[in-house]
Amino acid sequence: MIRLEKRPSPSRFWQGATPVLAVVLTMIAGGLMFAALGKNPFDAIRTIFWDPLFHPQFASYSRPQLLVKAAPLILIAIGLSLGFRAGIWNIGAEGQYIMGALLGAGVGLAFYPADLWFIFPLMVVAGAFGGWVWAMIPAILRTRFNTNEILVSLLMVYIAENILSSMSLGLLRNPEGGGFPGSRNLSQYPAASNPEMIAGTGMHWGVIAALMAVIAAYVLLQRHILGFHIKLAGQAPRAARYAGVNPTGLVLLCMGISGALAGLAGLFEVAGPAGRISIDFNVGYGFTAIIVAFLGRLNPIGILLAGLLMALTYIGGELAQFMLGLPAAAIQAFQGMLLFFLLAVDLLSNYRIRLGYKKEAI
Amino acid sequence: MIGGIDPALLISALMVASVPILLAAIGELVVERAGVLNLGVEGMMIMGAVCGFIMAVQTGSALLGFVGGALGGAALSLIFALLTQVLLANQVASGLALTLFGLGLSSLIGQSFVGIRPPSTGTVPFGPLADIPFLGRVLFRHDWVVYASVALVAATWWMLKATRMGLILRAVGESHDAAHALGYKVRKIRVLAILFGGAMAGLGGAYVSLVRVPQWTDGITAGAGWIALAIVVFASWRPWRALVGAYLFGGITVLQLNLQAAGARIPVEYLSMSPYLITIIVLVIMSSGRGKASLNAPASLGKNFHASR
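Here the protein sequences come in this chain order: A and B.
Quick note on our numbering: the first sequence kicks off at 5 and runs consecutively.
Quick note on our numbering: the second sequence kicks off at 14 and runs consecutively.
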């Protein structure tokens, strides 16, 4: 008989080992899925995890993409992880990402074609502000009216998507675009663009912002009273209240930070790799970042690594699509599977597995 | 005719439009009454949509399609049951995982079925009843799923209110420790509730792909699962109120579609965001002030149960 016994405190070994175990299990299950699709599982796994970095022909193109894709994931996931730790579930990062991009791009386009030094910094501020505002709506509804922030933040994504298509067809449409939807290309407007800093590395302002966010979150959680309050509120809400943690303030803060970071990610994306606002501008980074946050065990350093790994599956997925004809959706299912295995093996860090019955204490 | 919109047509269309969210909401209502918060409704719905569609196209029978949809939704919910009830994973995160995985998997297995028309689900022949002016057009010209959804609401209401099974289910949702102490199998009851919720969400999803749209495209459910979750809160966990909520949202959806078709001066994007916007507004009203929906929430909602002995 298998029995679970709760550990007094989570096992440090398993906390580190479970993400690795989950990745291995996902590779096995994903391999089975690819085999079911009629592809050689070993080829598929190698194409996804190895070729983007080391393939003689494609690696030079795909290696820089790693940072390009990882930066928004890490930036968003860092913000989400703070809330998740405190039991505040912002799952609408996708919407905040869109709104940040819209507001940031809007500010940049408003100055077109002026060439002023402050345009890009102003766009960064506007991007963060756009995401922050979008996250404040569920946050304030939660603190003022006790409305469930999970549902509201998610529903706001659909609203943001509609605003995005309205903007790319209307207000932000390129007047010289021949009537096609989508804005002017910001990468051709130097004062407002977020270019690759060192050719061939994928390095842009978003990557720097992501690294800064990782460091700031690490310091916050390890060295600052606020970080302690966040962790306390998540693990023992009642104890947190007795210790004087203000739950309202915490909700506003966590939602605000995650919204602002998601908005920043959107801004750096629209000004850099994507280049312009279009109807299908958002590609689901806001949702994948949820997986990244959990894969990184809500720990800043972990999220950094998890973001890189997840970016690898994106690039590898594209490569596998091109080389093996693997459907794009297979990668999405693969990423979802990773979250399943993570949640499943998490059992090991919180519980001991015992065989046989425990003797009843009399 | 009011502003170019026929009221009889509007009401009969809203009954059809609200079936998917009604079915999913009733399923989730039972799950939440058992104390489990399954946020994967969207994922289970879309799995139901794709499985139901494939089944219907392969067998040529819409009825078997609905069976397939229910099975697809239930199969996905089994993963959720395994994660939360056996492996004691966080319910919020597991539900999100279900949605993310369901969206990916559905588009993977549905990709060769894009652009096919499914077999049609015929209307129930009511004979002369269907010719009654106004009422006949509103009530008696629907397919069987519309009537079945209302019947399921009644059955769920009766089950929760008047049967022993309903009482045990509610006990498990209100206090799993007390229910466990009384000797009820908390885990087994919750797994069954989760499977029921999955089957209902799958049924709702199948209705989207077989009747509402009717074809298969990626992301076909477009947030209906999330609206169903909101309706459970709106309904304060009571079946008949879920019916009211679902019809309300069905009405808004149909109205905005009609306004789009009638060429209203409001831009299309703002009309199509209105169901989500109104869902949020209703959620706010229900959660605050005298509504206080949260007071009716099952006391053990979202908490995992681990019997220490």
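Ideal Cβ positions, reconstructed from N, Cα and C, are used throughout, including at glycine.
State the DSSP-derived secondary structure class of B:T136, mapped to helix, strand or coil. The count along the second sequence starts at 1 and reaches residue 136 of chain B at position 123. Strand at B:T136.
Residues of its chain near B:S287, where Cβ-Cβ distance is below 7 Å and the 5 sequence neighbours each way are ignored: For this step, residue 287 of chain B is matched to residue 274 along the second sequence. The residues are I265 and Q269.
Cβ closer than 7 Å: which chain A residues qualify as neighbours of B:Q124? For this step, residue 124 of chain B is matched to residue 111 along the second sequence. Residues of chain A passing the Cβ test: P331 and A333.
Does the beta-carbon distance from B:A194 to B:V185 come in below 8 Å? Stepping through the second sequence from its first residue, residue 194 of chain B is reached at position 181. Stepping through the second sequence from its first residue, residue 185 of chain B is reached at position 172. No, these two residues do not count as a Cβ contact at 8 Å.
For B:V127, count neighbouring C-beta atoms within 10 Å of its own C-beta (all shown protein chains included) and say buried if the count is 16 or more, exposed if not. The sequence position of residue 127 of chain B within the second sequence is 114, counting from 1. With fewer than 16 other Cβ atoms within 10 Å, it is exposed.
Report the rounded CA-to-CA distance for A:I212 versus A:A269, giving the unit in angstroms. As a first step, residue 212 of chain A must be located in the first sequence, where it is residue number 208. As a first step, residue 269 of chain A must be located in the first sequence, where it is residue number 265. One Cα belongs to A:I212, the other to A:A269, and the distance between them is close to 11 Å.
If you measure between the beta carbons of A:G267 and A:A132, is that distance less than 8 Å? As a first step, residue 267 of chain A must be located in the first sequence, where it is residue number 263. As a first step, residue 132 of chain A must be located in the first sequence, where it is residue number 128. In contact: A:G267 and A:A132 (Cβ atoms closer than 8 Å).
From A:I219 to B:G48, what does the alpha carbon distance come to, in whole angstroms? Within the first sequence, numbered from 1, the residue matching residue 219 of chain A stands at position 215. Within the second sequence, numbered from 1, the residue matching residue 48 of chain B stands at position 35. In a straight line, the C-alpha of A:I219 is about 39 Å away from that of B:G48.
If the cut is a Cβ gap below 9 Å, which residues of chain B does A:G321 touch? To locate residue 321 of chain A, count along the first sequence from 1; it is residue 317. For A:G321, no chain B residue has a Cβ inside 9 Å of its Cβ, as the nearest lies near 11 Å away.
Starting from B:I265, trace the alpha helix (DSSP H) both ways and give me its first and last residue. The sequence position of residue 265 of chain B within the second sequence is 252, counting from 1. Secondary structure note for B:I265: its alpha helix (DSSP H) is the uninterrupted segment P252 to A274.
So, using beta-carbon positions, are B:G263 and B:A37 closer together than 8 Å? Residue numbering aside, residue 263 of chain B sits at position 250 when the second sequence is read from its first letter. Residue numbering aside, residue 37 of chain B sits at position 24 when the second sequence is read from its first letter. The criterion of a C-beta distance shorter than 8 Å is not satisfied by B:G263 and B:A37.
Stretch-stretch touch, CB-based, cutoff 8 Å, three pairs: the segment 120–139 of chain A with the segment 187–198 of chain A: Using a Cβ-Cβ distance cut-off of 8 Å, the segment 120–139 of chain A and the segment 187–198 of chain A are in contact, since at least three pairs of beta carbons, one from each stretch, lie closer than that value.
Please decide whether B:M14 counts as near chain A, where near means a Cβ-Cβ distance under 8 Å. Against the second sequence, residue 14 of chain B aligns to sequence position 1. Its pLDDT being 45, under 50, B:M14 is placed unreliably by the model, and the measurement read from it follows with that caveat. For B:M14, no CB of chain A lies under 8 Å from its own CB, so it is not counted at the interface with that chain.
Please name the residue or residues paired with A:K10 in a DSSP beta bridge. Translated into the one-based positions of the first sequence, residue 10 of chain A becomes position 6. In the DSSP output, where bridge partners are listed per residue, A:K10 has A:Y355.
So is A:F46 buried or exposed if we call it buried at 16+ other beta carbons inside 10 Å? For the purposes of this step, residue 46 of chain A is identified with residue 42 of the first sequence, where counting begins at 1. A:F46 should be labelled exposed.
Per DSSP, B:D156 forms a beta bridge with which residues? Counting from 1 along the second sequence, the entry for residue 156 of chain B is found at position 143. BP columns for B:D156 point to B:T136.
A:E200 by DSSP, collapsed to three states: which one? Locating residue 200 of chain A in the first sequence gives position 196, counting from the first residue. A:E200 falls in the coil class under three-state DSSP.
Rounded to a whole number of angstroms, what is the C-alpha to C-alpha distance between A:L8 and B:S222? Here residue 8 of chain A refers to the residue found at position 4 of the first sequence. Here residue 222 of chain B refers to the residue found at position 209 of the second sequence. If I take the Cα positions, the gap works out to 42 Å.
First and last residue of the alpha helix (DSSP H) that includes A:K73? Position 69 of the first sequence, counted from the start, is the residue given in the question as residue 73 of chain A. In the DSSP assignment, A:K73 falls within the unbroken alpha helix (DSSP H) covering A63 to R89.
Put A:Q19 into one of helix, strand or coil per three-state DSSP. Stepping through the first sequence from its first residue, residue 19 of chain A is reached at position 15. Under the three-state reduction of DSSP output, A:Q19 falls in the helix class.
Proximal chain B residues relative to A:M99, where beta-carbon distance stays under 7 Å: Stepping through the first sequence from its first residue, residue 99 of chain A is reached at position 95. According to the sequence provided, residue 99 of chain A is Gly. The question's Met does not apply to it. Going along chain B, no residue has its Cβ under 7 Å from A:G99, so there is no contact; the nearest lies around 10 Å.
What is the DSSP secondary structure of B:V226, counted as helix, strand or coil? Translated into the one-based positions of the second sequence, residue 226 of chain B becomes position 213. Annotated three-state conformation of B:V226 is coil, per DSSP.
Just to make sure I have the definition right: I need the residues of chain B whose C-beta is within less than 7 Å of the C-beta of A:D367. Which are they? Outside the modelled stretch of chain A, which goes from 5 to 366, sits residue 367 of chain A, for which no answer is possible.
If you compare alpha carbons, which of B:M299, B:N317 and B:I244 is closest to A:R148? Here residue 148 of chain A is taken as the residue at index 144 of the first sequence, counted from 1. The residue with the shortest Cα to Cα distance from A:R148 is B:M299.
A:V161 to A:A348 span [Cα, whole Å]: On the first sequence, residue 161 of chain A is found 157 positions in, with the first residue counted as 1. On the first sequence, residue 348 of chain A is found 344 positions in, with the first residue counted as 1. So the two alpha carbons sit approximately 28 Å from each other.
Can you check whether the CB of A:R280 is closer than 8 Å to the CB of A:L190? Reading the first sequence from its first residue, position 186 is the one you call residue 190 of chain A. Reading the first sequence from its first residue, position 276 is the one you call residue 280 of chain A. It is a contact, given that the beta carbons lie within the stated cut-off.
Measuring CB atoms only, is the segment 222–236 of chain B touching the segment 25–34 of chain B, in the sense that at least three cross pairs come out at less than 8 Å? Counting Cβ pairs under 8 Å, three or more are found: they touch.
Between the beta-carbon of B:G56 and the beta-carbon of B:T112, is there less than 8 Å? Here residue 56 of chain B is taken as the residue at index 43 of the second sequence, counted from 1. Here residue 112 of chain B is taken as the residue at index 99 of the second sequence, counted from 1. B:G56 places its beta carbon less than 8 Å from that of B:T112.
Against chain A, does B:G236 count as a neighbour if the rule is that its beta carbon must be under 8 Å from one of theirs? As a first step, residue 236 of chain B must be located in the second sequence, where it is residue number 223. The Cβ of B:G236 sits closer than 8 Å to at least one Cβ of chain A.
Of the residues A:R50, A:L302, A:G96 and A:K43, the one placed nearest A:A90, counting alpha carbons only: Residue mapping note: residue 90 of chain A aligns to position 86 of the first sequence, counting from 1. Residue A:L302 is the option with its Cα nearest to A:A90.
Taking Cβ-Cβ distances shorter than 9 Å, what residues in chain A pair up with B:P280? Mapped onto the second sequence, residue 280 of chain B falls at position 267. Near B:P280 (Cβ distances below 9 Å), the residues of chain A are S170, L173 and G174.
Alpha carbon of B:A21 to alpha carbon of B:A237, nearest angstrom: Your numbering for residue 21 of chain B matches position 8 in the second sequence. Your numbering for residue 237 of chain B matches position 224 in the second sequence. Taken atom to atom, the span from the alpha-carbon of B:A21 to that of B:A237 is near 24 Å.
Which residues bound the alpha helix (DSSP H) around A:K235? The count along the first sequence starts at 1 and reaches residue 235 of chain A at position 231. Counted as a single uninterrupted DSSP element, the alpha helix (DSSP H) harbouring A:K235 occupies residues I229 to Q239.
Please list, in chain order, the residues of the segment 64–83 of chain A that have any C-beta partner in chain B closer than 8 Å. Listed in sequence order: no entries.
In three-state DSSP terms, what is B:A206? Position 193 of the second sequence holds residue 206 of chain B. Collapsing the DSSP output to three states places B:A206 in a helix.
Is any beta-carbon of chain B found at less than 8 Å from that of A:M341? Residue 341 of chain A sits at position 337 when you count from the first residue of the first sequence. Closer than 8 Å: yes.
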